[in-house]
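The sequence shown begins at 20 in the working numbering and counts up one residue at a time.
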Amino acid sequence: MPRQNIPLGKILGISIGLDYSWFVVFILMTWTLAIGYYPVEFPGWSSPQYWVVGGMTAVLFFACVLLHEIGHSIVALRYKIPVRSITFFVFGGVAQIESDPPSAVSEFFVAIAGPLVSFALGAIFYGMGSVFSGLGPFSGLLRYLAYINLVIAGFNLIPGYPLDGGRVFRAVVWAITNNFRRSTIIAANVGQFFGFSFIFLGIWKIFHGNFGEGLWISFIGWFLGNAAASQIQQTTFQGWLGEYKVSQAMSRSCDTVSEQESLKELVEEQIISRGSRCFLVEREGVPVGLVTLHQIKEIPRSDWGERTAGQVMIPMESLKRVQSSDSLSSALKMMDRDGVNQLPVMNDGQVVGVLTREGVITFLSLFQELRG
Ligand SMILES: [Zn+2]
Numbered sequence: 020m021p022r023q024n025i026p027l028g029k030i031l032g033i034s035i036g037l038d039y040s041w042f043v044v045f046i047l048m049t050w051t052l053a054i055g056y057y058p059v060e061f062p063g064w065s066s067p068q069y070w071v072v073g074g075m076t077a078v079l080f081f082a083c084v085l086l087h088e089i090g091h092s093i094v095a096l097r098y099k100i101p102v103r104s105i106t107f108f109v110f111g112g113v114a115q116i117e118s119d120p121p122s123a124v125s126e127f128f129v130a131i132a133g134p135l136v137s138f139a140l141g142a143i144f145y146g147m148g149s150v151f152s153g154l155g156p157f158s159g160l161l162r163y164l165a166y167i168n169l170v171i172a173g174f175n176l177i178p179g180y181p182l183d184g185g186r187v188f189r190a191v192v193w194a195i196t197n198n199f200r201r202s203t204i205i206a207a208n209v210g211q212f213f214g215f216s217f218i219f220l221g222i223w224k225i226f227h228g229n230f231g232e233g234l235w236i237s238f239i240g241w242f243l244g245n246a247a248a249s250q251i252q253q254t255t256f257q258g259w260l261g262e263y264k265v266s267q268a269m270s271r272s273c274d275t276v277s278e279q280e281s282l283k284e285l286v287e288e289q290i291i292s293r294g295s296r297c298f299l300v301e302r303e304g305v306p307v308g309l310v311t312l313h314q315i316k317e318i319p320r321s322d323w324g325e326r327t328a329g330q331v332m333i334p335m336e337s338l339k340r341v342q343s344s345d346s347l348s349s350a351l352k353m354m355d356r357d358g359v360n361q362l363p364v365m366n367d368g369q370v371v372g373v374l375t376r377e378g379v380i381t382f383l384s385l386f387q388e389l390r391g
């Protein structure tokens, strides 16, 4: 989900960003610590002290979550898996790791690295807390950080995908079954189970007078269950798509037009009268680019007379290509990754057709209808 966030800079080439929802956590955390936790655990500080220590704790908590994500990222980079960004949002941090893990072993170590960092931080803060035990607010802060890091480690090790523990679990199932897709679905089902359990636990707490905590736990459960469910859907869909080839959904009747042809001619003669939707643009018989409805719609209608296909086309060299024997799932992944809606299909340097998102959808709906 590429959303607007506040960039904080780069670490190891990975951009770090804050989603606005993270401020909710920051404020909520500072507030609960300053009003609830610290005054109960450490009575006798002044009121500003509670707020300052509360705020500092929230900032350091953020730093700890960042280190947890960097833990995942370093191991991912070790395995040559690109990490695009780390974003902080209402439920903590998430490292955007670009591709599926190449092997069960790499998945295992990437997943376990984060909780290990959190465990280590917990132990370090615990040790420091024992050393500086007489220092009032400072030792209170250390004690809380020790506690919260152990909670982060423990929570993330719950074996339901997409939590870290779920990834570890998936890696183990994957190593045993040798089937990535199957193990993802199994781990995500466990994730859904934990999601529902959290929702019930939260509701139970709400009915026993613990409204704030109950609501929060339910909320986490809902988020977890949703993420797991969409993973199941996506994996099933990809498995299904993986059985089909680009050649089955591509359009072969991609008309060719000369680069001098105006958009007006193109629309009137090809699109309206013949229903064509995408065109290979030729220069002296050689395809040099691609024009789809999408490019035409970007140009104001009043300019269609002057603009030519050659001016609005996407040049061939900037188009990613697929082969007709590639699987539909890999072609769609490529479209998603590069944010494009069409790919020329090329075999041995020859354009044999065009695969568009529209074409894939048409193919899938047709197939669905025929199946019943
Ligand atoms: Zn993690």
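Don't be surprised by glycine CBs; every beta carbon is placed ideally from N, CA and C.
Below 7 angstroms, is the gap between the Cβ of Gly-133 and the nearest heavy atom of ligand 1? yes
Report whether the distance from the Cβ of Asp-183 to the nearest heavy atom of ligand 1 is below 7 angstroms. yes
Would you say Asn-175 touches ligand 3, meaning its beta carbon is less than 7 angstroms from a heavy atom? Among the ligands in the structure shown, ligand 3 does not appear; only ligand 1 can be found there.
Runs of alpha helix (DSSP H) wholly within the segment 232 to 268 (minimum 4 residues, chain order): 265 to 268
The alpha helix (DSSP H) spanning Ala-194 covers which residue range? 183 to 196
If you count every other CB in all the chains shown that lies within 10 Å of the CB of Leu-164, and 16 or more means buried, which is it? buried
Provide the residue(s) that pair with Val-276 in DSSP beta bridges, ordered along the chain. Val-300
Could you spell out the range, first to last residue, of the beta strand (DSSP E) harbouring Ser-1? Any question about residue 1 goes unanswered here, given that the chain covers just 20 to 391.
What does Thr-375 pair with, by DSSP beta-bridge criteria? Gln-361
Could you please give me the residues that DSSP links to Asn-175 through a beta bridge? In DSSP, Asn-175 forms no bridge with anything.
If Ser-104 sits next to Ile-33, beta carbons under 8 angstroms apart, how far is it from one beta carbon to the other, in whole angstroms? 6 angstroms
Tell me whether Leu-160 is buried or exposed, calling it buried when 16 or more other Cβ atoms sit within 10 Å of its Cβ. buried
Can you give me the Cβ contacts of Glu-280 inside the same chain, cut-off strictly under 7 angstroms, excluding the 5 residues immediately before and after it? Thr-327 and Ala-328
Could you pull the start and end residues of the alpha helix (DSSP H) that Asn-24 belongs to? Here Asn-24 belongs to no alpha helix (DSSP H); instead the beta strand (DSSP E) covers 24 to 30.
For Ile-130, count the other beta carbons within 10 Å of its own beta carbon; 16 or more makes it buried, fewer makes it exposed. Which is it? In the sequence as displayed, the identity of residue 130 is Ala instead of Ile. Ala-130 should be labelled buried.
For Thr-375 versus Ser-237, is the C-beta spacing smaller than 8 angstroms? no
Roughly how many whole angstroms lie between the Cα atoms of Phe-213 and Asn-245? 11 angstroms
Can you tell which of Gln-387, Val-136, Thr-311 and Ser-349 has its C-alpha closest to the C-alpha of Val-373? Thr-311
With 16 as the cutoff for other CB atoms within 10 Å, does Phe-219 come out buried or exposed? exposed
Beta-carbon spacing of Gly-55, Glu-88 below 8 angstroms: no
For Arg-103, which of helix, strand or coil comes out of DSSP? strand
Quick check: what's the CA-CA separation for Asp-38 versus Glu-287? 46 angstroms
Under the three-state reduction of DSSP, which class applies to Asn-229: helix, strand or coil? coil
To which residues of the same chain is Phe-77 closer than 6 angstroms at the C-beta, ignoring the five residues directly before and after it? For the record, residue 77 in the displayed sequence is Ala; it is not Phe. Counting only Cβ-Cβ distances below 6 angstroms, and skipping sequence neighbours, we find Phe-45, Met-48 and Thr-49.
If I'm right that Leu-309 touches Ile-333 with Cβ under 8 angstroms, what's the distance once you round it to whole angstroms? 5 angstroms
Cβ atoms of Ser-343 and Ser-266: under 8 angstroms apart, would you say? yes
Nearest by alpha-carbon distance to Gly-368: which of Val-307, Met-353, Asp-355 and Ser-321 is it? Val-307
If you run the structure through DSSP and keep just helix, strand and coil, what is Leu-385? helix
Applying the criterion that 16 or more other CB atoms from any shown protein chain within 10 Å of the CB defines a buried residue, is His-91 buried or exposed? buried
Return yes when the Cβ of Tyr-166 is within less than 8 angstroms of the Cβ of Ala-207, no when it is not. no
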